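Chemist: So that we are looking at the same thing, I have put the structure below in C-alpha coordinates.
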Amino acid sequence: MDCFAGPGPAAPIPLDEALARVQRTYGTVTEPEEVPLRAALGRILAEPVTATVNVPPVAVSAMDGWGFGTADGAEVGEFRRLAVVGRVPAGSVFPGTVGQGEAVRIFTGAPIPVGVDTVAMQEDCRAEDGAVLVPATLKRGANIRDAGEDMTAGSVVLTPGLRLRAQEVGLAAAVGRSSLSVRKRLRVVLFSTGDELREPGTVKPEGTIYDANRYTLAAQLDALGADVRDLGILPDKPDVTRAALADAAATADLVVTSGGASVGEEDHVKRVVGELGSVDLWKLALKPGKPLALGRIGTTPFLGLPGNPVSAMVTFMLVGRPLVLRLSGAESAPTPRCLVVAGFEFRKKPGRREFLRARLATGPDGRPVAHKFPSDSSGVLTSMVEADGLVDMPADATVIHNGDMVEFLPFTGLFA
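In full-length UniProt numbering, the protein residues as written are 1 to 416.
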(Lines of atoms letter the chains of each structure in order from A and count residues from 1; the text may use other names and numbers.)
(Lines give C-alpha, C1' and ligand atoms only; values in the text may rest on other atoms or scores of the structure.)
Protein backbone atom coordinates (compact mmCIF):
# COMPACT_ATOMS: atom_id res chain seq x y z
CA MET A 1 0.00 0.00 0.00
CA ASP A 2 0.95 3.68 -0.21
CA CYS A 3 2.53 4.51 3.12
CA PHE A 4 1.76 8.19 2.56
CA ALA A 5 -1.96 7.65 2.11
CA GLY A 6 -3.95 9.45 4.75
CA PRO A 7 -6.10 12.44 5.55
CA GLY A 8 -3.49 15.05 4.68
CA PRO A 9 -0.57 15.51 2.27
CA ALA A 10 2.86 14.33 3.32
CA ALA A 11 5.49 16.97 4.02
CA PRO A 12 8.36 17.13 1.53
CA ILE A 13 11.38 15.17 2.71
CA PRO A 14 14.89 16.71 2.91
CA LEU A 15 17.40 15.30 0.45
CA ASP A 16 19.71 14.01 3.20
CA GLU A 17 16.83 12.05 4.73
CA ALA A 18 15.96 10.59 1.32
CA LEU A 19 19.55 9.45 0.85
CA ALA A 20 19.61 7.97 4.36
CA ARG A 21 16.47 6.01 3.49
CA VAL A 22 18.13 4.68 0.35
CA GLN A 23 21.01 3.38 2.45
CA ARG A 24 18.70 1.90 5.11
CA THR A 25 16.09 0.40 2.81
CA TYR A 26 17.97 -1.01 -0.17
CA GLY A 27 20.85 -3.43 -0.52
CA THR A 28 22.73 -5.33 -3.19
CA VAL A 29 20.46 -7.26 -5.58
CA THR A 30 23.02 -8.37 -8.18
CA GLU A 31 24.82 -11.74 -8.18
CA PRO A 32 28.56 -12.27 -8.75
CA GLU A 33 30.01 -13.42 -12.05
CA GLU A 34 33.55 -13.98 -13.31
CA VAL A 35 34.68 -11.79 -16.21
CA PRO A 36 37.99 -11.45 -18.09
CA LEU A 37 40.14 -8.58 -16.92
CA ARG A 38 39.59 -6.67 -20.17
CA ALA A 39 35.83 -6.70 -19.48
CA ALA A 40 36.09 -5.54 -15.85
CA LEU A 41 36.28 -1.76 -16.39
CA GLY A 42 33.36 -0.01 -14.71
CA ARG A 43 32.11 -3.14 -12.99
CA ILE A 44 31.58 -3.55 -9.23
CA LEU A 45 34.11 -5.86 -7.57
CA ALA A 46 32.35 -8.74 -5.78
CA GLU A 47 35.26 -10.42 -3.98
CA PRO A 48 38.57 -9.21 -2.52
CA VAL A 49 41.71 -9.43 -4.62
CA THR A 50 44.78 -10.73 -2.77
CA ALA A 51 48.31 -10.37 -4.08
CA THR A 52 49.90 -13.77 -4.69
CA VAL A 53 53.31 -12.25 -5.47
CA ASN A 54 55.44 -9.37 -4.28
CA VAL A 55 55.44 -6.37 -6.60
CA PRO A 56 58.19 -5.91 -7.51
CA PRO A 57 59.17 -9.56 -6.92
CA VAL A 58 62.81 -8.64 -6.14
CA ALA A 59 64.74 -5.42 -5.64
CA VAL A 60 65.00 -3.65 -9.00
CA SER A 61 66.56 -0.52 -10.43
CA ALA A 62 64.30 2.54 -10.56
CA MET A 63 66.48 4.22 -13.17
CA ASP A 64 68.76 3.65 -16.11
CA GLY A 65 72.29 4.05 -14.78
CA TRP A 66 75.09 2.19 -12.99
CA GLY A 67 74.77 -0.10 -9.97
CA PHE A 68 77.50 -0.48 -7.37
CA GLY A 69 78.28 -0.88 -3.66
CA THR A 70 78.58 2.49 -1.90
CA ALA A 71 81.65 1.46 0.10
CA ASP A 72 83.61 0.78 -3.07
CA GLY A 73 85.80 2.76 -5.42
CA ALA A 74 88.51 5.39 -5.25
CA GLU A 75 87.32 8.99 -5.00
CA VAL A 76 88.25 11.29 -7.88
CA GLY A 77 87.11 14.77 -6.79
CA GLU A 78 83.32 14.69 -6.70
CA PHE A 79 83.25 11.22 -8.25
CA ARG A 80 84.38 7.68 -7.59
CA ARG A 81 85.93 5.66 -10.34
CA LEU A 82 84.57 2.10 -10.78
CA ALA A 83 85.41 -0.65 -13.25
CA VAL A 84 82.41 -1.70 -15.36
CA VAL A 85 82.06 -5.51 -15.22
CA GLY A 86 78.70 -6.17 -16.87
CA ARG A 87 75.36 -5.08 -18.23
CA VAL A 88 71.92 -5.87 -16.74
CA PRO A 89 68.89 -5.18 -18.97
CA ALA A 90 65.36 -5.54 -17.60
CA GLY A 91 64.24 -9.16 -17.68
CA SER A 92 67.73 -10.59 -17.15
CA VAL A 93 69.77 -11.56 -14.09
CA PHE A 94 73.43 -10.74 -13.54
CA PRO A 95 75.14 -14.14 -13.09
CA GLY A 96 77.79 -13.20 -10.56
CA THR A 97 78.63 -10.80 -7.77
CA VAL A 98 79.62 -7.17 -8.21
CA GLY A 99 82.82 -6.77 -6.22
CA GLN A 100 84.61 -3.86 -4.60
CA GLY A 101 85.53 -1.11 -7.03
CA GLU A 102 83.13 -2.51 -9.65
CA ALA A 103 79.88 -1.39 -11.25
CA VAL A 104 77.37 -2.74 -13.74
CA ARG A 105 75.43 -0.90 -16.40
CA ILE A 106 71.80 -1.40 -15.30
CA PHE A 107 68.42 -0.45 -16.75
CA THR A 108 65.03 0.44 -15.25
CA GLY A 109 63.30 -2.64 -13.85
CA ALA A 110 66.36 -4.88 -13.93
CA PRO A 111 67.02 -7.01 -10.81
CA ILE A 112 69.71 -5.66 -8.50
CA PRO A 113 72.80 -7.93 -8.61
CA VAL A 114 74.50 -9.28 -5.49
CA GLY A 115 76.98 -6.70 -4.22
CA VAL A 116 74.98 -3.68 -5.47
CA ASP A 117 73.19 -1.42 -2.99
CA THR A 118 72.92 1.83 -4.95
CA VAL A 119 72.12 2.98 -8.50
CA ALA A 120 73.44 6.23 -9.92
CA MET A 121 71.36 7.85 -12.67
CA GLN A 122 73.10 7.79 -16.01
CA GLU A 123 72.84 11.59 -16.43
CA ASP A 124 74.83 12.06 -13.19
CA CYS A 125 77.67 9.76 -14.29
CA ARG A 126 80.54 9.89 -16.79
CA ALA A 127 81.50 6.78 -18.67
CA GLU A 128 85.13 6.18 -19.69
CA ASP A 129 86.89 3.28 -21.36
CA GLY A 130 85.98 0.25 -19.24
CA ALA A 131 85.07 2.43 -16.24
CA VAL A 132 82.47 4.88 -14.93
CA LEU A 133 82.64 7.91 -12.66
CA VAL A 134 79.69 7.98 -10.21
CA PRO A 135 78.80 10.73 -7.67
CA ALA A 136 80.83 10.21 -4.49
CA THR A 137 78.09 11.54 -2.18
CA LEU A 138 75.20 9.37 -3.38
CA LYS A 139 73.37 7.79 -0.45
CA ARG A 140 73.19 4.04 -0.07
CA GLY A 141 69.92 2.62 -1.47
CA ALA A 142 69.37 5.45 -3.94
CA ASN A 143 67.23 4.61 -7.01
CA ILE A 144 66.43 1.06 -5.89
CA ARG A 145 62.88 -0.24 -5.49
CA ASP A 146 62.75 -2.88 -2.77
CA ALA A 147 60.97 -6.20 -3.20
CA GLY A 148 57.29 -5.76 -2.27
CA GLU A 149 57.57 -1.97 -2.26
CA ASP A 150 54.25 -1.69 -4.12
CA MET A 151 52.43 -4.84 -2.91
CA THR A 152 53.36 -7.80 -0.74
CA ALA A 153 52.21 -11.37 -1.27
CA GLY A 154 49.19 -12.19 0.90
CA SER A 155 47.93 -8.61 1.24
CA VAL A 156 44.42 -7.59 0.13
CA VAL A 157 44.92 -5.03 -2.62
CA LEU A 158 41.32 -4.51 -3.81
CA THR A 159 38.18 -4.69 -1.67
CA PRO A 160 34.61 -5.63 -2.66
CA GLY A 161 32.35 -2.77 -3.65
CA LEU A 162 34.97 -0.91 -5.67
CA ARG A 163 33.77 0.40 -9.01
CA LEU A 164 36.73 -0.65 -11.11
CA ARG A 165 38.69 2.07 -12.89
CA ALA A 166 41.66 1.68 -15.20
CA GLN A 167 44.07 1.77 -12.24
CA GLU A 168 42.28 -1.06 -10.38
CA VAL A 169 42.23 -3.17 -13.54
CA GLY A 170 45.95 -2.58 -13.99
CA LEU A 171 46.65 -3.43 -10.35
CA ALA A 172 44.79 -6.74 -10.70
CA ALA A 173 46.95 -7.54 -13.73
CA ALA A 174 50.10 -6.64 -11.74
CA VAL A 175 49.35 -9.39 -9.21
CA GLY A 176 48.71 -11.92 -11.96
CA ARG A 177 44.89 -11.94 -12.19
CA SER A 178 43.42 -12.63 -15.63
CA SER A 179 39.80 -12.41 -14.46
CA LEU A 180 37.81 -10.90 -11.60
CA SER A 181 34.60 -11.68 -9.73
CA VAL A 182 32.26 -8.74 -10.29
CA ARG A 183 28.58 -8.03 -9.74
CA LYS A 184 26.27 -8.69 -12.67
CA ARG A 185 25.02 -5.54 -14.32
CA LEU A 186 21.91 -4.09 -12.71
CA ARG A 187 18.90 -4.81 -14.94
CA VAL A 188 16.96 -1.56 -15.28
CA VAL A 189 13.67 -1.13 -17.15
CA LEU A 190 13.05 2.46 -18.25
CA PHE A 191 9.80 4.19 -19.24
CA SER A 192 8.63 7.70 -19.96
CA THR A 193 4.99 8.56 -19.34
CA GLY A 194 2.65 11.05 -20.95
CA ASP A 195 0.29 11.39 -23.91
CA GLU A 196 2.16 14.52 -24.95
CA LEU A 197 5.38 12.61 -25.72
CA ARG A 198 6.53 11.41 -29.11
CA GLU A 199 9.54 9.35 -30.13
CA PRO A 200 12.37 11.39 -31.72
CA GLY A 201 12.41 10.94 -35.50
CA THR A 202 8.62 10.45 -35.78
CA VAL A 203 5.84 12.84 -36.78
CA LYS A 204 5.08 15.28 -33.96
CA PRO A 205 1.48 16.53 -33.98
CA GLU A 206 0.62 19.95 -32.57
CA GLY A 207 0.60 19.96 -28.79
CA THR A 208 3.20 17.19 -28.43
CA ILE A 209 6.94 17.18 -27.69
CA TYR A 210 9.78 14.80 -28.38
CA ASP A 211 10.75 12.59 -25.45
CA ALA A 212 14.22 13.57 -24.22
CA ASN A 213 14.04 12.04 -20.74
CA ARG A 214 14.47 8.41 -21.71
CA TYR A 215 17.60 9.30 -23.63
CA THR A 216 19.22 11.39 -20.89
CA LEU A 217 18.29 8.83 -18.23
CA ALA A 218 19.42 5.86 -20.33
CA ALA A 219 22.75 7.61 -20.87
CA GLN A 220 23.13 8.25 -17.13
CA LEU A 221 22.28 4.61 -16.38
CA ASP A 222 24.70 3.38 -19.06
CA ALA A 223 27.46 5.47 -17.48
CA LEU A 224 26.84 3.64 -14.19
CA GLY A 225 27.22 0.26 -15.86
CA ALA A 226 23.54 -0.73 -15.80
CA ASP A 227 21.93 -3.04 -18.35
CA VAL A 228 19.12 -0.78 -19.60
CA ARG A 229 15.96 -2.02 -21.30
CA ASP A 230 14.07 0.91 -22.79
CA LEU A 231 10.35 0.11 -23.07
CA GLY A 232 9.30 3.41 -24.53
CA ILE A 233 6.47 5.77 -23.69
CA LEU A 234 3.50 4.86 -21.51
CA PRO A 235 0.20 6.64 -22.26
CA ASP A 236 -1.74 8.37 -19.49
CA LYS A 237 -3.95 5.33 -18.94
CA PRO A 238 -3.91 3.69 -15.49
CA ASP A 239 -4.70 0.16 -16.75
CA VAL A 240 -1.92 0.29 -19.33
CA THR A 241 0.48 1.75 -16.77
CA ARG A 242 -0.41 -0.92 -14.21
CA ALA A 243 0.13 -3.81 -16.64
CA ALA A 244 3.38 -2.40 -18.02
CA LEU A 245 4.92 -1.74 -14.59
CA ALA A 246 3.88 -5.16 -13.26
CA ASP A 247 5.40 -6.91 -16.28
CA ALA A 248 8.59 -4.85 -16.06
CA ALA A 249 9.05 -5.56 -12.36
CA ALA A 250 8.92 -9.31 -12.99
CA THR A 251 12.19 -9.24 -14.97
CA ALA A 252 14.04 -6.18 -13.63
CA ASP A 253 16.22 -5.29 -10.65
CA LEU A 254 14.97 -1.69 -10.83
CA VAL A 255 12.12 0.06 -12.65
CA VAL A 256 12.63 3.74 -13.53
CA THR A 257 9.99 6.09 -14.89
CA SER A 258 9.88 9.81 -15.66
CA GLY A 259 6.66 11.76 -15.43
CA GLY A 260 3.36 10.80 -13.82
CA ALA A 261 4.68 11.08 -10.27
CA SER A 262 2.91 14.34 -9.43
CA VAL A 263 -0.69 14.89 -8.28
CA GLY A 264 -2.46 15.82 -11.53
CA GLU A 265 -5.50 13.98 -12.82
CA GLU A 266 -3.37 12.34 -15.53
CA ASP A 267 -0.47 11.44 -13.21
CA HIS A 268 -1.09 7.75 -12.55
CA VAL A 269 2.35 6.32 -11.77
CA LYS A 270 2.50 6.99 -8.04
CA ARG A 271 -1.00 5.65 -7.44
CA VAL A 272 -0.40 2.51 -9.53
CA VAL A 273 2.89 1.77 -7.75
CA GLY A 274 1.10 2.12 -4.41
CA GLU A 275 -1.46 -0.44 -5.58
CA LEU A 276 1.19 -2.86 -6.84
CA GLY A 277 3.56 -2.45 -3.92
CA SER A 278 4.52 0.57 -1.85
CA VAL A 279 5.62 4.17 -2.17
CA ASP A 280 8.23 4.69 0.53
CA LEU A 281 9.14 8.27 -0.35
CA TRP A 282 7.30 10.97 -2.23
CA LYS A 283 8.05 14.64 -2.64
CA LEU A 284 11.48 16.08 -1.88
CA ALA A 285 12.15 19.46 -0.32
CA LEU A 286 14.22 20.15 -3.41
CA LYS A 287 14.37 22.38 -6.46
CA PRO A 288 14.44 21.26 -9.19
CA GLY A 289 12.78 17.90 -8.61
CA LYS A 290 10.11 18.03 -5.93
CA PRO A 291 7.86 15.19 -7.27
CA LEU A 292 9.97 12.06 -6.80
CA ALA A 293 8.65 8.62 -5.88
CA LEU A 294 10.74 5.83 -4.39
CA GLY A 295 9.25 2.47 -3.53
CA ARG A 296 8.68 -1.07 -4.77
CA ILE A 297 6.56 -2.84 -7.34
CA GLY A 298 6.08 -6.13 -5.58
CA THR A 299 9.62 -6.68 -4.34
CA THR A 300 11.34 -4.81 -7.19
CA PRO A 301 12.72 -1.35 -6.35
CA PHE A 302 11.03 1.53 -8.17
CA LEU A 303 12.23 5.08 -8.89
CA GLY A 304 9.73 7.59 -10.28
CA LEU A 305 11.39 10.77 -11.52
CA PRO A 306 9.78 14.09 -12.45
CA GLY A 307 8.70 14.75 -16.03
CA ASN A 308 10.52 18.05 -16.55
CA PRO A 309 13.86 17.23 -18.21
CA VAL A 310 16.13 19.17 -15.84
CA SER A 311 14.28 17.85 -12.80
CA ALA A 312 14.59 14.29 -14.10
CA MET A 313 18.33 14.63 -14.67
CA VAL A 314 19.09 16.39 -11.37
CA THR A 315 17.02 14.05 -9.20
CA PHE A 316 18.63 11.06 -10.89
CA MET A 317 22.07 12.52 -10.13
CA LEU A 318 21.20 13.19 -6.50
CA VAL A 319 18.99 10.18 -5.63
CA GLY A 320 18.96 7.77 -8.58
CA ARG A 321 22.73 7.48 -8.84
CA PRO A 322 23.18 6.50 -5.14
CA LEU A 323 20.26 4.05 -5.48
CA VAL A 324 21.71 2.38 -8.59
CA LEU A 325 25.14 2.07 -6.98
CA ARG A 326 23.58 0.69 -3.79
CA LEU A 327 21.58 -1.95 -5.66
CA SER A 328 24.65 -2.78 -7.77
CA GLY A 329 26.76 -3.59 -4.70
CA ALA A 330 29.01 -0.54 -4.89
CA GLU A 331 30.50 0.86 -1.71
CA SER A 332 28.94 4.08 -0.50
CA ALA A 333 30.79 7.19 -1.61
CA PRO A 334 29.99 10.86 -0.98
CA THR A 335 28.88 13.03 -3.87
CA PRO A 336 31.98 14.82 -5.23
CA ARG A 337 31.94 18.54 -4.40
CA CYS A 338 34.31 21.48 -4.05
CA LEU A 339 34.27 25.10 -2.91
CA VAL A 340 34.16 27.83 -5.57
CA VAL A 341 33.50 31.56 -5.66
CA ALA A 342 29.97 32.68 -6.52
CA GLY A 343 29.98 35.01 -9.53
CA PHE A 344 26.30 35.87 -9.12
CA GLU A 345 23.61 37.11 -6.75
CA PHE A 346 20.65 34.87 -5.86
CA ARG A 347 17.80 34.91 -3.35
CA LYS A 348 15.21 32.33 -2.33
CA LYS A 349 12.76 31.55 0.45
CA PRO A 350 13.98 29.24 3.24
CA GLY A 351 12.75 25.65 3.53
CA ARG A 352 13.77 24.05 0.28
CA ARG A 353 17.26 23.06 -0.86
CA GLU A 354 18.09 24.32 -4.34
CA PHE A 355 20.65 23.19 -6.88
CA LEU A 356 21.57 25.98 -9.29
CA ARG A 357 23.00 25.25 -12.70
CA ALA A 358 26.32 27.04 -13.19
CA ARG A 359 29.35 27.21 -15.44
CA LEU A 360 32.88 27.58 -14.05
CA ALA A 361 35.41 30.17 -15.14
CA THR A 362 38.77 31.21 -13.77
CA GLY A 363 38.71 34.44 -11.77
CA PRO A 364 41.41 37.15 -11.78
CA ASP A 365 43.04 35.56 -8.74
CA GLY A 366 43.11 32.12 -10.38
CA ARG A 367 40.27 30.69 -8.30
CA PRO A 368 37.29 28.97 -9.98
CA VAL A 369 34.19 31.16 -10.18
CA ALA A 370 30.65 29.80 -10.70
CA HIS A 371 28.36 31.76 -13.02
CA LYS A 372 24.69 30.85 -12.67
CA PHE A 373 22.62 30.01 -15.75
CA PRO A 374 20.09 32.83 -16.27
CA SER A 375 16.95 30.64 -16.17
CA ASP A 376 15.82 28.52 -13.21
CA SER A 377 13.16 26.72 -15.25
CA SER A 378 13.25 22.93 -14.95
CA GLY A 379 12.16 22.67 -18.58
CA VAL A 380 15.26 24.38 -20.05
CA LEU A 381 17.46 21.43 -20.99
CA THR A 382 20.00 23.74 -22.64
CA SER A 383 20.95 24.84 -19.12
CA MET A 384 22.37 21.38 -18.47
CA VAL A 385 24.46 21.65 -21.63
CA GLU A 386 25.76 25.10 -20.75
CA ALA A 387 26.49 24.24 -17.11
CA ASP A 388 29.52 22.44 -15.66
CA GLY A 389 27.69 21.42 -12.50
CA LEU A 390 25.37 22.46 -9.68
CA VAL A 391 25.72 24.99 -6.88
CA ASP A 392 24.25 23.49 -3.69
CA MET A 393 22.21 26.10 -1.78
CA PRO A 394 21.12 24.80 1.65
CA ALA A 395 17.45 24.74 2.65
CA ASP A 396 17.87 27.40 5.34
CA ALA A 397 19.92 29.76 3.16
CA THR A 398 18.13 32.74 1.61
CA VAL A 399 20.82 34.59 -0.29
CA ILE A 400 24.07 34.08 -2.18
CA HIS A 401 26.15 37.21 -2.64
CA ASN A 402 28.67 37.79 -5.39
CA GLY A 403 32.01 36.64 -3.95
CA ASP A 404 30.59 34.15 -1.44
CA MET A 405 32.14 30.70 -1.24
CA VAL A 406 29.61 28.06 -2.36
CA GLU A 407 29.61 24.29 -2.68
CA PHE A 408 29.79 23.08 -6.27
CA LEU A 409 28.97 19.58 -7.56
CA PRO A 410 30.77 19.05 -10.89
CA PHE A 411 28.93 17.01 -13.50
CA THR A 412 32.08 14.95 -14.03
CA GLY A 413 31.46 13.35 -10.63
CA LEU A 414 27.71 12.95 -11.08
CA PHE A 415 27.65 11.21 -14.46
CA ALA A 416 29.73 8.18 -13.42
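Where a beta carbon is used, it is the ideal one built from N, C-alpha and C, also for glycine. The structure presented is a predicted model; accordingly, all values stated were derived computationally and were not measured.
Return the bridge partner residues of HIS401 from the DSSP annotation.
Modeler: Along the sequence shown, read from residue 1 onward, the residue named residue 401 stands at position 401. None, per the DSSP bridge assignment.
Chemist: Can you tell me which residues form a DSSP beta bridge with VAL369?
Modeler: Residue mapping note: residue 369 aligns to position 369 of the sequence shown, counting from 1. For VAL369, which the question treats as bridged, DSSP gives the partners VAL341, ALA361.
Chemist: What are the boundary residues of the beta strand (DSSP E) that includes VAL189?
Modeler: As a position in the sequence shown, residue 189 is number 189, starting the count at 1. Taken as a continuous stretch (DSSP letters only), the beta strand (DSSP E) holding VAL189 covers 187 to 193.
Chemist: Given a cut-off of 9 Å on the beta-carbon distance, is the pair GLY101 and ALA83 in contact?
Modeler: Walking along the sequence shown from the start, residue 101 turns up at place 101. Walking along the sequence shown from the start, residue 83 turns up at place 83. Taking 9 Å as the Cβ cut-off, GLY101 and ALA83 qualify as a contacting pair.
Chemist: In the DSSP assignment, the alpha helix (DSSP H) including GLY289 goes from what residue to what residue?
Modeler: The residue given as residue 289 occupies position 289 in the sequence shown. Element bounds for GLY289: n/a, residue is neither H nor E.
Chemist: What residues in its chain sit with their C-beta under 7 Å from that of ALA90, if we drop five residues either side in the sequence?
Modeler: Residue 90 sits at position 90 when you count from the first residue of the sequence shown. Answer for ALA90: PHE107, THR108, GLY109, ALA110, listed in chain order.
Chemist: Tell me, please, whether the segment 147 to 167 touches the segment 38 to 58 by the rule of three or more beta-carbon pairs shorter than 8 Å.
Modeler: The segment 147 to 167 vs the segment 38 to 58: in contact.
Chemist: Given this structure, state the Cα-to-Cα distance separating residue 439 from MET405, to the nearest angstrom.
Modeler: Summary: the structure shown does not reach residue 439, with the chain confined to residues 1 through 416, and so no result is reported for it.
Chemist: Is the CB-CB distance between LEU303 and VAL319 below 9 Å?
Modeler: The count along the sequence shown starts at 1 and reaches residue 303 at position 303. The count along the sequence shown starts at 1 and reaches residue 319 at position 319. Yes.
Chemist: Here's a check: name, in chain order, each residue in its chain whose Cβ is nearer than 7 Å to the Cβ of LYS184, leaving out the five neighbours to either side.
Modeler: Here residue 184 is taken as the residue at index 184 of the sequence shown, counted from 1. Excluding positions up to five away in sequence, the list reads THR30, GLU31, GLU33.
Chemist: To the nearest angstrom, report how far apart THR202 and GLU168 are at their CA atoms.
Modeler: In the sequence shown, residue 202 corresponds to position 202, counting from 1. In the sequence shown, residue 168 corresponds to position 168, counting from 1. Each residue's alpha carbon lies about 44 Å from the other.
Chemist: Please confirm whether GLY130 and VAL98 have their CB atoms less than 9 Å apart.
Modeler: In the sequence shown, residue 130 corresponds to position 130, counting from 1. In the sequence shown, residue 98 corresponds to position 98, counting from 1. Taking 9 Å as the Cβ cut-off, GLY130 and VAL98 do not qualify as a contacting pair.
Chemist: Give me the Cβ distance between MET393 and GLU345, rounded to the nearest whole Å; I'm assuming they're in contact under 8 Å.
Modeler: As a working note, residue 393 is residue 393 in the sequence shown. As a working note, residue 345 is residue 345 in the sequence shown. In fact, because the Cβ distance is near 12 Å, the residues do not count as touching under 8 Å.
Chemist: Cutting at 8 Å between CB atoms, please list the residues of its own chain near LEU276, excluding the five before and the five after it.
Modeler: Position 276 of the sequence shown, counted from the start, is the residue given in the question as residue 276. The residues are ARG242, LEU245, ALA246, ALA249, ILE297, GLY298.
Chemist: Look at the alpha carbon of ASP230 and the alpha carbon of LEU217, and state the distance between them as a whole number of angstroms.
Modeler: Position 230 of the sequence shown, counted from the start, is the residue given in the question as residue 230. Position 217 of the sequence shown, counted from the start, is the residue given in the question as residue 217. So the two alpha carbons sit approximately 10 Å from each other.
Chemist: In three-state DSSP terms, what is PHE415?
Modeler: Residue 415 sits at position 415 when you count from the first residue of the sequence shown. It is coil, neither helix nor strand.
Chemist: Taking the DSSP output, what are the residues bridged to GLY389?
Modeler: To locate residue 389, count along the sequence shown from 1; it is residue 389. DSSP output for GLY389 lists ALA358, PRO410 as bridge partner(s).
Chemist: Do VAL256 and LEU221 count as a contact pair if the criterion is CB distance below 9 Å?
Modeler: One-based indexing of the sequence shown puts residue 221 at position 221. One-based indexing of the sequence shown puts residue 256 at position 256. Their beta carbons are under 9 Å apart, which means LEU221 touches VAL256 by this criterion.
Chemist: In three-state DSSP terms, what is ALA18?
Modeler: On the sequence shown, residue 18 is found 18 positions in, with the first residue counted as 1. Looking at ALA18 - three-state DSSP - the assignment turns out to be helix.
Chemist: Can you tell me whether VAL116 is buried or exposed? The criterion is at least 16 other CB atoms within 10 Å of its CB, across all chains shown.
Modeler: Along the sequence shown, one-based indexing puts residue 116 at 116. The residue is buried, with at least 16 neighbouring Cβ atoms inside 10 Å.
Chemist: What does DSSP give as the partner residues of ILE297 in its beta bridges?
Modeler: One-based indexing of the sequence shown puts residue 297 at position 297. For ILE297, which the question treats as bridged, DSSP gives the partners GLY277, THR300.
Chemist: Here's a check: name, in chain order, each residue in its chain whose Cβ is nearer than 6 Å to the Cβ of ASP396, leaving out the five neighbours to either side.
Modeler: Taking the first residue of the sequence shown as 1, we reach residue 396 at position 396. Excluding sequence neighbours, ASP396 sits near PRO350.
Chemist: Looking at the unbroken beta strand (DSSP E) that takes in THR257, where does it start and where does it end?
Modeler: Stepping through the sequence shown from its first residue, residue 257 is reached at position 257. Note, THR257: beta strand (DSSP E), 254 to 258.
Chemist: Please report the straight-line C-alpha distance between ILE13 and THR315, rounded to a whole angstrom.
Modeler: Within the sequence shown, numbered from 1, the residue matching residue 13 stands at position 13. Within the sequence shown, numbered from 1, the residue matching residue 315 stands at position 315. So the alpha carbons of these two residues sit roughly 13 Å apart.
Chemist: Give me the Cα-Cα distance between LEU325 and LEU294, rounded to the nearest whole angstrom.
Modeler: Counted from its first residue, the sequence shown places residue 325 at position 325. Counted from its first residue, the sequence shown places residue 294 at position 294. Using only the alpha carbons, I get a separation of about 15 Å.
Chemist: Is it the case that the segment 36 to 44 contacts the segment 167 to 181, given that we only count it when at least three CB pairs across the two stretches are under 8 Å?
Modeler: Touching, yes.
Chemist: Taking only the alpha-carbon atoms, compute the straight-line gap between PHE94 and ALA361 and give it to the nearest angstrom.
Modeler: Walking along the sequence shown from the start, residue 94 turns up at place 94. Walking along the sequence shown from the start, residue 361 turns up at place 361. Cα to Cα, PHE94 sits roughly 56 Å from ALA361.
Chemist: Tell me the DSSP secondary structure of GLY161 in three-state form.
Modeler: For the purposes of this step, residue 161 is taken as residue 161 along the sequence shown, with counting starting at 1. Reduced to three states, the DSSP call for GLY161 is coil.
Chemist: Cβ atoms of SER92 and ARG145: under 9 Å apart, would you say?
Modeler: Residue numbering aside, residue 145 sits at position 145 when the sequence shown is read from its first letter. Residue numbering aside, residue 92 sits at position 92 when the sequence shown is read from its first letter. Taking 9 Å as the Cβ cut-off, ARG145 and SER92 do not qualify as a contacting pair.
Chemist: For ASP239, report the span of its beta strand (DSSP E) as first-last.
Modeler: Within the sequence shown, numbered from 1, the residue matching residue 239 stands at position 239. First-last for ASP239: 238 to 251, but that is the alpha helix (DSSP H), not the beta strand (DSSP E).
Chemist: Given ALA74, which residues of its chain have a CB within under 6 Å of its CB, disregarding the five upstream and five downstream residues?
Modeler: Residue numbering aside, residue 74 sits at position 74 when the sequence shown is read from its first letter. Per-residue confidence for ALA74 stands at a pLDDT of 49, beneath the threshold of 50, marking its modelled position as unreliable; no derived number is given.
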